Amino acid sequence: MLSPQLDVKNKKILYELSKNSRIPATRLAKLVGISREVADYRIKNLVSSGIITSFITDIDISKLNCTRYLIYLELHKVNETEETQILKTITSNPYVSWTTSQTGKWNVIFDVIAKDISCVDTIVKDLKTNYSDKISDYKIATQLEYRHYYSKYFGEEPKTTTPIKPHNLDPLDLKLLNLLSKDARINYAKLSQTLNLTANTIKARIRTLKAAGIIKRFTIQVSKPRLGYQPYNLQLTFKDTTPGNAERFLKYIKSHPNVNFYYLPLGHWDLELGLFVKDPNHLRRIILDIRNKYSDIIRIYDCMIFYEELKPNYVPVGAISP
Numbered sequence: 001m002l003s004p005q006l007d008v009k010n011k012k013i014l015y016e017l018s019k020n021s022r023i024p025a026t027r028l029a030k031l032v033g034i035s036r037e038v039a040d041y042r043i044k045n046l047v048s049s050g051i052i053t054s055f056i057t058d059i060d061i062s063k064l065n066c067t068r069y070l071i072y073l074e075l076h077k078v079n080e081t082e083e084t085q086i087l088k089t090i091t092s093n094p095y096v097s098w099t100t101s102q103t104g105k106w107n108v109i110f111d112v113i114a115k116d117i118s119c120v121d122t123i124v125k126d127l128k129t130n131y132s133d134k135i136s137d138y139k140i141a142t143q144l145e146y147r148h149y150y151s152k153y154f155g156e157e158p159k160t161t162t163p164i165k166p167h168n169l170d171p172l173d174l175k176l177l178n179l180l181s182k183d184a185r186i187n188y189a190k191l192s193q194t195l196n197l198t199a200n201t202i203k204a205r206i207r208t209l210k211a212a213g214i215i216k217r218f219t220i221q222v223s224k225p226r227l228g229y230q231p232y233n234l235q236l237t238f239k240d241t242t243p244g245n246a247e248r249f250l251k252y253i254k255s256h257p258n259v260n261f262y263y264l265p266l267g268h269w270d271l272e273l274g275l276f277v278k279d280p281n282h283l284r285r286i287i288l289d290i291r292n293k294y295s296d297i298i299r300i301y302d303c304m305i306f307y308e309e310l311k312p313n314y315v316p317v318g319a320i321s322p
């Protein structure tokens with residue numbers, strides 16, 4: 001159900017925060033046409049009501065020498081309490097960046113960001129050891145390409161910028177990234193106290209990290225149900241791999257107003273994308289449009305509804321290490 005708190009000004013606040021969640025309150029207030037005190041109050045209210053679930057830093061994991069791995073679990077004879085325990089085990093892992101429960105064959109999907117696949121192997125082996133009678137099947141896919149669109153819920157997606165200056169990360173950069181990944185809106189006073197650096201030094205480091213493309217943007221994670229949307233996951237395979245066909249379909253989904261992310265995984269299926277829709281009829285119209293325009297190129301492998309996103313999509317502490 002759409003929250004009654006989402007009036008025009010709150011929608012504008014959400015859009016601006018999705019473009020830059022570290023925007024100063026005074027600047028945000030001016031853009032929205034309210035006072036700073038009201039802006040602060042509205043942000044706190046959006047958080048307390050569960051509309052904003054986290055302030056996150058979008059980090060280029062390739063700059064950390066990391067890869068994203070997708071893990072799919074099919075659970076067997078699991079009651080609600082047992083499922084909760086399995087999900088708790090997964091989300092508490094320092095290399096897990098995002099977790100969701102869903103319908104369909106795969107009951108749980110989660111992402112692991114790590115420097116090598118041995119970390120993924122350890123996670124899966126531990127799950128199989130601890131829940132041997134509860135996991136009936138699983139798959140692991142390496143992410144070849146990934147893109148998340150954080151602003152499509154509120155308006156047009158901002159244009160991405162091209163990195164202009166390479167930068168070698170040092171231990172202080174990694175500590176800063178770790179703090180920002182958990183709370184992109186953390187203030188400079190707390191950063192200064194934790195890192196023992198001046199605010200100006202921290203600002204300079206953030207500018208450098210952004211210029212190098214290591215920090216792609218500061219944004220927000222939101223509750224799609226609280227915005228009045230239901231999230232779905234589509235898995236697709238390419239029927240025709242003629243050069244240019246994949247690019248043509250990717251161009252379509254990148255510009256689609258209801259696609260909020262896509263993966264290109266290695267193995268199993270060729271493409272995975274997230275949709276946010278108002279109701280099942282809305283989903284049906286989108287799927288019909290895809291089939292009408294691209295039935296010669298793609299085949300829908302599976303369609304699943306996301307119940308709950310249990311961990312926001314941010315770079316976990318295990319991936320950010322000296």
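With the numbering used here applied, the sequence shown corresponds to residues 1 to 322, in that order. Note that CB positions come from ideal geometry on N, CA and C, so glycine has one too. Remember, predicted model here, so these are calculated numbers, not experimental data.
Candidates 255, 231, 224, of which the one nearest residue 49 by Cα: Comparing Cα-Cα distances from residue 49 to each of 255, 231, 224, the minimum goes to 224.
Taking 7 Å as the limit between beta carbons, can you name the residues of its chain near residue 139, skipping five residues before and five after? Counting only Cβ-Cβ distances below 7 Å, and skipping sequence neighbours, we find 72, 268.
Determine the contact status of residue 312 and residue 54, defining contact as a CB-CB distance below 9 Å. Residue 312 places its beta carbon less than 9 Å from that of residue 54.
Counterpart residues of residue 98 in DSSP-defined beta bridges: Paired residues: 111.
Using a Cβ distance threshold of 8 Å, determine whether the segment 250 to 262 contacts the segment 83 to 92, with at least three qualifying pairs required. The segment 250 to 262 and the segment 83 to 92 do not touch, with fewer than 3 CB-CB distances between them shorter than 8 Å.
Applying the criterion that 16 or more other CB atoms from any shown protein chain within 10 Å of the CB defines a buried residue, is residue 202 buried or exposed? Classification for residue 202: buried.
Return the CA-CA distance between residue 83 and residue 238, expressed in angstroms with no decimal places. Straight-line measurement puts the Cα of residue 238 at about 33 Å from the Cα of residue 83.
Using the Cα positions of residue 244 and residue 298, report the straight-line distance between them to the nearest angstrom. For residue 244 and residue 298, the distance between alpha carbons rounds to 13 Å.
Kindly confirm or deny that the segment 284 to 300 and the segment 213 to 221 touch, where touching means at least three C-beta pairs closer than 8 Å. Segment contact: the segment 284 to 300 against the segment 213 to 221, fewer than three CB-CB distances shorter than 8 Å; contact not assigned.
Taking only beta-carbon positions, decide if residue 62 is within less than 9 Å of chain C. Protein chains in the displayed structure number just one, and chain C is not present.
Residues in its own chain within less than 6 Å of residue 2 by CB, not counting five upstream and five downstream? With a pLDDT of 46 at residue 2, under the threshold of 50, the modelled position of this residue cannot be trusted; read the value that follows with caution. Setting aside the 5 residues that flank it on each side, residue 2 is surrounded in the same chain by 228, each with a C-beta closer than 6 Å to its C-beta; the list follows chain order.
Check this for me: beta carbons of residue 252 and residue 306, under 9 Å apart or not? For the pair residue 252 and residue 306, the CB atoms are not nearer than the 9 Å cut-off.
So for residue 274, helix, strand or coil by DSSP? Here residue 274 sits in strand by DSSP.
Helix, strand or coil for residue 21, going by three-state DSSP, please let me know. Residue 21 falls in the coil class under three-state DSSP.
8 Å contact criterion, which residue 101 and residue 112 should meet: CB distance rounded: About 17 Å separates the two Cβ atoms, so there is no contact after all.
Residues that DSSP places opposite residue 32 in a beta bridge: Answer is none; residue 32 lacks a bridge partner.
From what residue to what residue does the alpha helix (DSSP H) around residue 157 run? For residue 157, no alpha helix (DSSP H) segment is defined, and its DSSP state is neither H nor E.
Measuring straight from C-alpha to C-alpha, what distance separates residue 127 and residue 148? Straight through space, the alpha carbons of residue 148 and residue 127 are spaced by roughly 28 Å.
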